[in-house]
Amino acid sequence: MEGIVTMYQDFMKKADPRIADYPLMQSPFLVMGILLAYVYFVLSLGPRLMANRKPLNLKKFMVLYNFFLVGLSLYIVYEFLMAGWLTGYTWRCDPVDFSQDPKALRMVSVAWLFVFSKFIELTDTVIFVLRKKNEQVTFLHLFHHSVLPWSWWWGAKFGPGGMGSFHAMINSMVHVVMYFYYGLSAAGPAFQKYLWWKKHITAIQLVSLCCGAEHVPSASTVRDRPALVPMKGVVSSCSCLFCSLSLWVSSSSGALWVSDSPTQPGWGVGAAQPAAPGLQPCWEGERHMLPRDLSASSSCC
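Residue 103 in this note's numbering sits at position 103 of the sequence shown; the count goes up by one each step and never skips.
And the structure:
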């Protein structure tokens, strides 16, 4: 046992000390505890608490919550761009700058903020449970909101910046679009006329996946890659990317595009179950469908 503790301590000494004092970054056990509590709540405690209660009306909260995440995601994208991707990064295999340079420290800050935003987004599932939409808590959804934040945390802990931050930036870009859509749709059917672009959201997600799939292997083209980007990081990123992509495609089951057809089954009040498992409602009472968890295929640092 003592040997395991020593190995853990030696391993954690390799973490970036610049991010150690940020909230949630002191120990992986705190993060593990939060994520385990989250899974327990959404799979067991939450449904039992709501079993004999009416679904909560969270419409106003959902609108505010979604637009808050739009603003937060926009800010994260801006900070990633100004901390490196528009101010010196090559858009290929960029190493982490571990110096005390102001721009490097700015990258550390936005890397932490991105990780922290993943814990804010756990609220997505809590909303499902409180509204008694438990059918939306799929394996893909839980994977995205529990396993990926864990992976992002380790990426930021040991390498806040460099090529890994590209995937975080792309993920945040997609979330700007997604949460803007969700915010408008949560506001009700009156905003339907402003959602003509919803059919393009899946295409945006697929493009982001292609960008990630192309970017990670670029590390192998750098002559001194082992000194800049350890192969462990490359393999980990590729594994997360393709695992998430496989789950997303499997969940979508071919239903990749939003349907406006009134003959398609919706998940609104009194509606039948959808024909494909990858669909979820935009708002109650409407028959509009969107692939579940468009963000679930984001890659990790």
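For glycine and all other residues, C-beta sits at the position ideal for the given N, C-alpha and C.
Here Phe158 has Lys14, Ala15, Asp16 as same chain residues with Cβ atoms under 8 Å from its own Cβ, once five neighbours each way along the sequence are excluded. Within a 10 Å sphere around the beta-carbon of Phe29 sit fewer than 16 other beta-carbons, which makes this residue exposed.
Across the set Lys193, Lys132, Phe191, the C-alpha of Lys132 shows the shortest separation from the C-alpha of Lys54.
The continuous stretches of alpha helix (DSSP H) do not include Gln192, and DSSP gives it neither H nor E. Between the alpha carbons of Asn57 and Pro189 lies a gap of roughly 16 Å. If you draw a straight line from the Cα of Ser172 to the Cα of Val110, it comes to about 11 Å. Across the structure, Phe128 and Leu36 are spaced so that their CA atoms are roughly 18 Å apart.
In the three-state scheme derived from DSSP, where H, G and I count as helix and E and B as strand, Ala51 is classed as coil. Distance between His145 and Leu122, taken at the CA atoms: about 6 Å. Under the three-state reduction of DSSP output, Pro28 falls in the helix class. In the DSSP assignment, Met1 falls outside any alpha helix (DSSP H), carrying neither H nor E.
By a beta-carbon distance limit of 8 Å, Lys118 contacts Pro149. Their separation comes to about 4 Å. The C-alpha of Asp101 lies about 16 Å from the C-alpha of Asp94. For the 9 Å CB-CB criterion, Phe191 and Val70 do not form a contact. Unbroken alpha helix (DSSP H) stretches of 4 residues or longer found wholly inside the region 34-108: 46-50, 59-80, given in chain order. For Trp197 and Tyr182, the gap between their C-alpha atoms comes out near 12 Å. Apart from the 5 residues on each side of it in sequence, Val39 sits with its Cβ closer than 8 Å to the Cβ of Leu142, Ser146 in its chain, given in chain order. Residues Trp112 of the same chain have their beta carbon placed closer than 6 Å to that of Tyr22, with the five preceding and five following residues left out of the count.
In the three-state reduction of the DSSP assignment, Ala156 falls in the helix class.
Shortest Cα-Cα distance from Val126 to any of Leu49, Val207, Thr6 involves Leu49.
Separation of Gly88 and Arg18 (C-alpha to C-alpha, rounded to the nearest whole angstrom) is 21 Å.
Distance from the CA of Val108 to the CA of Phe41, rounded to the nearest whole angstrom, comes to 31 Å.
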